[in-house]
Every structure is written in C-alpha cells, then in structure tokens.
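Right, one structure below, let's go through it.
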Amino acid sequence: MNLSVALPFVATMLLALVPPLYAQSTNRWRVFSRTDGLPDNACLSVTPGASGNILVRHLRSTEISILDGYDITTVPGPGLYRRRVYESPGGQLWTVAPDGLQEFRDGQWVSYRIDPIANHFGSGQTNDVVLLAVRQGRVLILLPDQLLQFEAEDPDHPNLRLLRRADPASIGSFVDLQVARDGDLWIIGTKGLEKTAGPLRNLRSDQSWIATDDVPPEIQGTQVELPSADELSVRKIYDTLVQPDGVIWVATSDGLFRRAPQIWEPESTLPSRTNQPMPRPALPDHVERRANWNVFHTTRSGDLWLGSANEIAWRHENSWRFFSSTNQIGPEEVLGFAEALDGRIWCATPTQVWHFDGRNWNILRGSFTRINSLYAAHDGTLWVASEDGAYRYTQGNWIVNGPEDGLPSPAVREIFEDATGRITAITSRGAAKFRVEADPDPPETSLVTADVGENSFREGSMLTLSFRGRDKWKHTTTGRLLFSYRWDDREWTQFQDSREAPLADLALGKHYFQVRAMDRNGNIDLSPAQFEFTIVVPWYRETRLVLVLSVALGIALFFAGLAMNRHRRLKLSYAEVERKVTERTRELEMANQELLHSQKMNALGTLSAGIAHDFNNILSIIKGSTQIIEDNLDKPEKIRTRLDRIKTVVQQGAGIVEAMLGFSRNSDQQTELSDVNTIVSDTLKLLGDRFLREVEVKFQRAQGLPRIAVARDFVQQVLLNFIFNAAEAMTDRKQITLTTRFVEAPPPGIILSPAQNGSCIAISVKDSGSGIAPENLSRIFEPFFTTKAMSARRGTGLGLSMVYELAKKLEAGLAVETAVGSGSTFTLFLPIKSEPARLVQSEIQMRS
Numbered sequence: 002m003n004l005s006v007a008l009p010f011v012a013t014m015l016l017a018l019v020p021p022l023y024a025q026s027t028n029r030w031r032v033f034s035r036t037d038g039l040p041d042n043a044c045l046s047v048t049p050g051a052s053g054n055i056l057v058r059h060l061r062s063t064e065i066s067i068l069d070g071y072d073i074t075t076v077p078g079p080g081l082y083r084r085r086v087y088e089s090p091g092g093q094l095w096t097v098a099p100d101g102l103q104e105f106r107d108g109q110w111v112s113y114r115i116d117p118i119a120n121h122f123g124s125g126q127t128n129d130v131v132l133l134a135v136r137q138g139r140v141l142i143l144l145p146d147q148l149l150q151f152e153a154e155d156p157d158h159p160n161l162r163l164l165r166r167a168d169p170a171s172i173g174s175f176v177d178l179q180v181a182r183d184g185d186l187w188i189i190g191t192k193g194l195e196k197t198a199g200p201l202r203n204l205r206s207d208q209s210w211i212a213t214d215d216v217p218p219e220i221q222g223t224q225v226e227l228p229s230a231d232e233l234s235v236r237k238i239y240d241t242l243v244q245p246d247g248v249i250w251v252a253t254s255d256g257l258f259r260r261a262p263q264i265w266e267p268e269s270t271l272p273s274r275t276n277q278p279m280p281r282p283a284l285p286d287h288v289e290r291r292a293n294w295n296v297f298h299t300t301r302s303g304d305l306w307l308g309s310a311n312e313i314a315w316r317h318e319n320s321w322r323f324f325s326s327t328n329q330i331g332p333e334e335v336l337g338f339a340e341a342l343d344g345r346i347w348c349a350t351p352t353q354v355w356h357f358d359g360r361n362w363n364i365l366r367g368s369f370t371r372i373n374s375l376y377a378a379h380d381g382t383l384w385v386a387s388e389d390g391a392y393r394y395t396q397g398n399w400i401v402n403g404p405e406d407g408l409p410s411p412a413v414r415e416i417f418e419d420a421t422g423r424i425t426a427i428t429s430r431g432a433a434k435f436r437v438e439a440d441p442d443p444p445e446t447s448l449v450t451a452d453v454g455e456n457s458f459r460e461g462s463m464l465t466l467s468f469r470g471r472d473k474w475k476h477t478t479t480g481r482l483l484f485s486y487r488w489d490d491r492e493w494t495q496f497q498d499s500r501e502a503p504l505a506d507l508a509l510g511k512h513y514f515q516v517r518a519m520d521r522n523g524n525i526d527l528s529p530a531q532f533e534f535t536i537v538v539p540w541y542r543e544t545r546l547v548l549v550l551s552v553a554l555g556i557a558l559f560f561a562g563l564a565m566n567r568h569r570r571l572k573l574s575y576a577e578v579e580r581k582v583t584e585r586t587r588e589l590e591m592a593n594q595e596l597l598h599s600q601k602m603n604a605l606g607t608l609s610a611g612i613a614h615d616f617n618n619i620l621s622i623i624k625g626s627t628q629i630i631e632d633n634l635d636k637p638e639k640i641r642t643r644l645d646r647i648k649t650v651v652q653q654g655a656g657i658v659e660a661m662l663g664f665s666r667n668s669d670q671q672t673e674l675s676d677v678n679t680i681v682s683d684t685l686k687l688l689g690d691r692f693l694r695e696v697e698v699k700f701q702r703a704q705g706l707p708r709i710a711v712a713r714d715f716v717q718q719v720l721l722n723f724i725f726n727a728a729e730a731m732t733d734r735k736q737i738t739l740t741t742r743f744v745e746a747p748p749p750g751i752i753l754s755p756a757q758n759g760s761c762i763a764i765s766v767k768d769s770g771s772g773i774a775p776e777n778l779s780r781i782f783e784p785f786f787t788t789k790a791m792s793a794r795r796g797t798g799l800g801l802s803m804v805y806e807l808a809k810k811l812e813a814g815l816a817v818e819t820a821v822g823s824g825s826t827f828t829l830f831l832p833i834k835s836e837p838a839r840l841v842q843s844e845i846q847m848r849s
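In this text, residue positions in the sequence shown follow the numbering used here: the first is 2, and each later residue adds one.
Structural data, given as structure tokens:
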C-alpha cells in the first residue's frame, strides 16, 4: 500500500490497533543496490508480486528488477512511463500508462487504451492508479471515483466493466485495494473501509459491498510509521511499501531498503513464567553434611540432582551417587540443571555447559564469557543466557543471538518460556520475545572452489575448499552465516563461521565434498552445495606413465638422431639445390623473354600483310608522281603538287616504320613518361589500311590525361592482343571501340587488381562480337585454354595468359565485362605513380 496518501480518518481508526513501535538502529535495514545486481541504485517504485517477488522501477534505467530474495533478474521496461509494476499470480506483468494499461506479453509490452485512466491523467491528477492483477488477462483498476475490471484474455477483443463507484457519503474517495488472507477484497477510502466477499477472479457489477470497522490484522499492519531520508542517510525517498507481515520496503535514490521483523522483538510486559523456583527438598543427613547444595532439579522420572561449588549429587532409584571435580576436571560452581526431552541432563557452570552420558560428565560447549542461567524449552531446545548473547542448542548445533538479531542488549540475564510456548529473554536493557516465524527461509550455499573448474589434485597435497552463502532477503547478513561441511560418508561438522575447509591425507580416487549454511534463526540449507574431485598419484609414481614416458623418450631420441642426420644431408645438398634453382630461374626468365618476343613476332606476322599493302600503295603513289613530274618538267605548279604528295606518303611510311621499330624493340621493361593517348594512336598505326578496311576501329580519347611512367611496348602488346581477339570474335559487322578515361579507383571484383591503390588511367577495348560464355569466363586467362581448338582459326591459348603476365609486370589491373550475344569489353588499369591522385585530378580539371 502506498502511504504517501495517509489520511487522518484511516490513521485514527487503524493506529490504535498497531503494536507500539520501538526505536531501532539502522542495522535492521538491509540495502539492495547495484552490487547486488540492480541496474540502477535509484529506485522509483516498489510493489509486491503475487508469487512473493518484489518488483522495482528505476530512475535512470528502463529495466524492471524482480527480486526473489536470493537473485535479481531484469526484464525490459515499457519505456518512458516508469510507474509501478504489478504481477498476477501467473507471473503476468501490468503497469499504468497515461492513456491506459500496458501488459508484458511474449517478451514485449502491449498497450490498451482505457478512457477512464486517460481522463484521470488528463484532468491533471498525477497520483498512481492502483492495480490488482487477479488472474491471467484480468486486472482490477482502482481510480479515486470508481473500481473497474479489465479483461484481456482475448487481446483482440478486450473488455472493460464498472464494478463500483465511490460514494462520498460512505467511505469517500477510493485510496487503495487490499486482499485479506480469507480472500475478501477491501477498499480503503478517505473516510472508511468496505469489503466484499467472494472469489476475486469472478467479481460482478452487482457485487454487494459492506462498510465495516472490523479490520483484519493483515490490513491493520499496513499502517506503520515510515522512516525519513535522514534516518536512512539517503538523498531522497521515492516510494514505500508495507506488507502484511510487517516488512517495510523503501525505494530511495541510493538503493532499495528493507526492514523486516527480527527474530527477537522488544517486549513491554513480561509474560507469566512456567518454570517456578523449586523448593529445597529434604535431604538425608549424609548428603546434607557433604556440601553446601544450592542448586536443585527434579527430573520427570523422579531423579534428583543437586549442585554445589565442587560437587554434584544424583539420586537414582533411592541410591546416591556423587561427582567431585578433581584438578578442575568436572563441573564446578554449578549454576543450574536442565533436562532434555529424551531424558538427557545438562548443567551449567560459569563458563561451560556440561552433559551427562549416564556415567560421567562431559563438556558440551566451553568458552562462554559468563553464563547466567540455563533453560530447556518444551520443544527440546537448550537455552543459555550469557553475558555475550542468547545461546540455543538445537539438533546438535549451537546458535548465538545478539543485538544484530533484535536483542536490546547482549547481556542476557535469564531465558524462560510462557504458557503459550513463547521464549522470553531478560537482558540488561529490557525484555525481548523470540519470534521464530520472523525468518522461515533457509539460506543458499555455493562453493567458490567449484567455480575454478579444477577437480584433480595430487596425492598428499593440502586441499582448501572455500564456500559462501546468502540468506533470503539478507535477514542474516552474509558475515554472520554459519557453515557445516562433510566429505564422502563422514559426519557433518559442527556449524561454525569459518568459510574454508582444509582437507588433507585423502585417499586415492574420487571424493565428494558437501557444505551447507545456517542462518541465525536455525534455518539450514536443505540443498547443500557439492563438489566432486579426484585425488591422483604424482606422475613419477605412476608405473604405466613412467613406462610410457620411457618408451616415448627412446622414440624421441631415435627420431632426433634421424632428424639430425637428415638435417646434415639437407645442409650438404642445400648449395646444390640453390644452384639448380638459380639456373632454372635464369632459364625460365630467358624462356619468358623468348615467349614474349615470339608473341611480338606473331603480332608482326599478323600485321605484315596489311603493312606490305600500305607500303605498296605508298610506292605506287611515288612512282606515279615521278612519271607525272617527268612529263611536266615545264610546269612548276604540277611538279610542286606532286612533290608535296610524295612528301606526305613518305611521312606516312616513316610513321609506320617508326611504330614497327618501337614495337619490335626489346625494351627490358624500360619505362618512360608517356602519354597514354599517344601510345594508343601509335598502336592503331600498326594495324594498317587492310585491317582497318575489314574492321571499323574507333578511338574515343579522354582529354587532359596526365603522363605516366610505363613500358610502351608492353602496353602496345596488351592492346594488340585485345584488338586481335576482338576481331576474331566478330563475324558480320566488325566494330571495335578503344576508350581512355581517368578513374579514381578500380571497381571491386576485377580479374587482377593494381599493385598500387588509388587513381588509374583505364584503356578499354570493346567489341560487338558474340561475348564469352559464363562457364569460360573464369578460365580465359589460363595458359593453353582456347575455344578455337576445333575451328579453322586454331588458337594456342597463350595470348590472354601473356596479357595477364604483362599486366602484372606493368603492376596494372585487368577487368572483363561480357554478355553473350552483346560483345565483350577488356580494360587495362594503369596506375598513376608520377603524382598524387589529387594533383592528377587538378591537372585534368585545368586541361579541360
């Protein structure tokens, strides 16, 4: 219930029914923060879940934190509206939005528009709407003026019904909804309360409501005094929650605070005792004279026990037996006796508790600061009132409680039981009653060593296992938990505050270790943490392993000798291998040069017929011009015209000869700064008129291209291979187009990438032939691969492979674009090395 709307009428009616509060120190508060798993320390709201969980919204995180007492899980929040989250018994989450409700379904938030909620927020009211999720797909909505029921079992057809309108004359405006343990639904108003009986899962519009002052305790308990920000030492308090069992939750800017009833609660009035002082019994003279008996106890079987400073007397079946302390062995200065349910007898001395085994007295526990009294409860628990706390011995375990558990003082003078079975402790600062129901949940135990993953240990090694625990809701703080452990089939050790277990001298083989935690209310973890491990012998004592290692060593030595011998032989033959490699490399280079020259000669042979025809035309023009000159010696104009004609054709012939000589010359990769357009033009001169009459060759040159350092004859040979392949790929109308252009970078996925990234000059040769089949495209640059093997124009398959090698020597790139029936385009990418790309681009812009 949200107590920010505390009202005078409700407070007056309910606070009279609440037990008085006592000033408590801040150690009663348990804090949950980011160190415990919260996504954000600042908590805006806190609401209880139907399954006992606590749901929290945060200031800086949209996630919703779900606390179950041990772990914290998070789910995504609905967004900007960080209002309270409510949980149905089936785990369904609901929250309020300014325009309606939101439901967490299948990992995402689904919105439903609810007009009454939208009108509520639209009217400027900012207080939270109260929800109560009663079952899957059904939620009750409490507004100040009405109670609604929203049904969304079918998300596509939700239903909203009015169950109750607020009556100003009756209980006033609605404030909160509460469900009592008997299942009745209570509405708390500004002027009173009313309830309705019947199952919440099927409320009707005609449900009868009864206004009453007979408030059940779980509804009363929600009205308590809440802490201030100063008391908790926080900057701001955002929300509070008081649960029917008295647990208080406070959502603050510095974490989520929880205060629960402690197992010892201060008591203002003392209950009546059930153990009245025993009158002094009549004793035989020989017993009376033996010691100053000041402690008496009669057992249920009729035996009598007497205690003095140095001796104990026991009357059993009308015979007496005496136990004297010799050399401080045995009880001295007996303070009291107590009897267990099974007839065992305990006695207390100032610093020790003893037990009688039927023959002798043995120490049950020592090292008490000072024992004030001893008491055996009806449930068999042995209580010891000591100066350093209230000790209890139950199920073979000792548990001590102090101010951390709610005692007003650690100095406990007496412990006794009232008629109802309630244990009361009298301390130096007042009385306190024991409430075992305040902490019913056991702690959880985990092994730290198991997280490491190692589970094999050598024989004789000291094995230390570490463990830890956590109590639900931190009721017992982590540092005050007690632990008991065992290994294999041994008995459990006594519970103690040690968090390590040293294990030594374990036998060979498999072992298991178990540990369990206990809180200060005696709750024991029923699912102990377990760690399985193996003790193995050292490797040097494992006979089979030593034998295997010996054999392995012999084999290793044999192969080491074999390797050394082979290394020596390899070392002797290394020089011979190196010499042969050098010789084969030189031969391969010579063969490559010869193959390159052969390709040149093949190209020249292909061009020879056309070139011879060109020279025949030139000579015919010269011959005809000389005959005309001889016949017209007296006509200077005709002679000058014919001489100009002779000069022109001679220059044409000289250009062809120069191009031929430049192409046939062996360059040895001599590079020079060249104009790419000039290289392409000189290459076209090699084709001759005859080739150009059969094939229409166009040259589309780009203007302003920079000069680049390149081997001219390599570029010419690549272009001639492209042109000849293009000519052979065409049958009817033969057209070849050469193009030069500047590119910032070669396109991705090309056949061969340039050695240098950056801008390039691209030379493309495009034909109008039949194109290349997809199955052949990946193999066209392979040596000896040809598609003309069975045709009249039989090919060698070396042309494009030489193009590939020449492109690599030029550090250039290659690309092929083809489509069957539409022709192919082969592109050579020449990297620009002489200048940075940005300067080249500037030069292009200036020239253009």
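Backbone N, C-alpha and C define an ideal beta-carbon position, used for all residues, glycine too. In this text, all values refer to a predicted model and were calculated from it rather than measured experimentally.
Count the other CB atoms, across all protein chains shown, that sit within 10 Å of the CB of residue i; report buried if there are 16 or more and exposed otherwise.
{"i": "ASN160", "result": "exposed"}
{"i": "LEU39", "result": "buried"}
{"i": "TYR513", "result": "exposed"}
{"i": "MET463", "result": "exposed"}
{"i": "SER66", "result": "buried"}
{"i": "TYR87", "result": "buried"}
{"i": "THR428", "result": "buried"}
{"i": "MET519", "result": "buried"}
{"i": "THR350", "result": "buried"}
{"i": "VAL243", "result": "buried"}
{"i": "ARG301", "result": "exposed"}
{"i": "ILE142", "result": "buried"}
DSSP on residue i, reduced to helix/strand/coil?
{"i": "TRP474", "result": "helix"}
{"i": "LYS1", "result": "Outside the shown range of the chain, which is 2 to 849, sits residue 1, and nothing can be said about it."}
{"i": "THR300", "result": "coil"}
{"i": "ASN524", "result": "coil"}
{"i": "GLY510", "result": "strand"}
{"i": "ARG366", "result": "strand"}
{"i": "MET519", "result": "strand"}
{"i": "HIS568", "result": "helix"}
{"i": "TYR82", "result": "coil"}
Measure the alpha-carbon distance for residue i versus residue j and round it to whole angstroms.
{"i": "SER760", "j": "VAL716", "result": "18 Å"}
{"i": "LEU365", "j": "ALA261", "result": "34 Å"}
{"i": "CYS348", "j": "TYR376", "result": "10 Å"}
{"i": "ARG182", "j": "GLU219", "result": "8 Å"}
{"i": "LEU563", "j": "SER574", "result": "17 Å"}
{"i": "ASP255", "j": "VAL57", "result": "13 Å"}
{"i": "LEU45", "j": "SER457", "result": "49 Å"}
{"i": "ARG517", "j": "ARG114", "result": "51 Å"}
{"i": "PHE357", "j": "TRP315", "result": "11 Å"}
{"i": "LEU674", "j": "THR586", "result": "30 Å"}
{"i": "ASN1", "j": "LYS648", "result": "This structure leaves residue 1 out entirely; the chain is present only between 2 and 849."}
{"i": "PHE534", "j": "HIS568", "result": "47 Å"}
{"i": "SER325", "j": "PRO285", "result": "18 Å"}
{"i": "GLY1", "j": "LEU148", "result": "Given a span of 2 to 849 for the chain in the structure shown, any question on residue 1 remains unanswerable."}
{"i": "PRO487", "j": "GLY431", "result": "Sequence inspection shows Arg at residue 487; the Pro mentioned does not correspond to that position. Roughly 40 Å between the two C-alpha positions."}
If you measure from the beta carbon of residue i to each beta carbon in chain D, is any gap under 7 Å?
{"i": "ARG345", "result": "The structure shown contains no chain D; it holds only a single protein chain."}
Exercise for the section: Take every Cβ of the region 434-451, pair it with every Cβ of the region 463-479, and state whether three or more of those distances are shorter than 8 Å. Expected result: yes
Practice task
Pair every Cβ in the region 369-388 with every Cβ in the region 402-420, then say whether three or more of these pairs are closer than 8 Å.
Solution key: yes
Handout entry: alpha helix (DSSP H) runs wholly inside the region 88-167, at least 4 long, in chain order
Key = 116-123
Practice task
Specify whether the region 202-213 and the region 225-235 touch according to this definition: at least 3 beta carbon pairs, one from each stretch, less than 8 Å apart.
Solution key: Touching, no.
Exercise for the section: Write down every uninterrupted run of the beta strand (DSSP E) in the region 422-508 whose length is 3 residues or greater and which is fully enclosed by it, in chain order. Expected result: 424-428, 431-435, 445-448, 457-459, 464-471, 483-488 and 501-504
Practice task
Please determine if the region 324-342 and the region 301-308 are in contact, where contact requires at least 3 C-beta pairs separated by less than 8 Å.
Solution key: yes
Exercise for the section: Give, in chain order, every unbroken run of the alpha helix (DSSP H) that is at least 4 residues long and sits entirely within the region 182-222. Expected result: 218-221
Exercise for the section: Determine contact between the region 716-726 and the region 824-836, defined as no fewer than three beta-carbon pairs at a distance below 8 Å. Expected result: yes
Exercise for the section: Would you be able to state if there are at least three C-beta pairs under 8 Å between the region 691-701 and the region 772-785? Expected result: no
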